[in-house]
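Below: the structure, in structure tokens.
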Amino acid sequence: MALEQRKDAWEQSHVSLSYLDQQKELTELRVWFPEYEELPAVIERDPLHRLQLAFNGFYRRAKKEENPGYPRFKSITRYDSFSVDSQNFKLDFIGRAWNFSLQDAP
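If you use my numbering, the sequence shown corresponds to residues -1 to 104, in order.
Below you can see the structure in the form of structure tokens.
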């Protein structure tokens, strides 16, 4: 959805959306759609961050006049992990196992 949004914004208005633009919109979506609040915001921002990294690489390669390779959609089978900021999780050793808990970003 975020990749499609960036592509449409450029094709229709020649506007380049950034990670921060899409992060602000995600915050608004979380207000209007309560189901978005089921996950911590930091996890929902992770795909936006990965997309920004893909576009950074695309622009870097285009500037060097290499074959830039426009960012493309990744299927669910290729997206098997998520990232969190180090300030937004807690890792406790309880008994013989680790307990991982997420805290929502401020």
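Glycine included, every Cβ here is placed at the ideal spot set by N, Cα and C.
Pairing leucine 37 with leucine 89, the inter-Cα distance amounts to about 18 Å. Per DSSP, glycine 93 is not a residue of any alpha helix (DSSP H), being assigned neither H nor E.
Counting along the chain, no alpha helix (DSSP H) covers threonine 75, and no H or E run does either. According to DSSP, residue pairing for phenylalanine 31 in a beta bridge does not occur.
A contact between stretches requires three or more CB pairs, one per stretch, nearer than 8 Å, and the region 22 to 38 fails this requirement with the region 52 to 66. Serine 99 sits in a strand when the DSSP states are folded into three classes.
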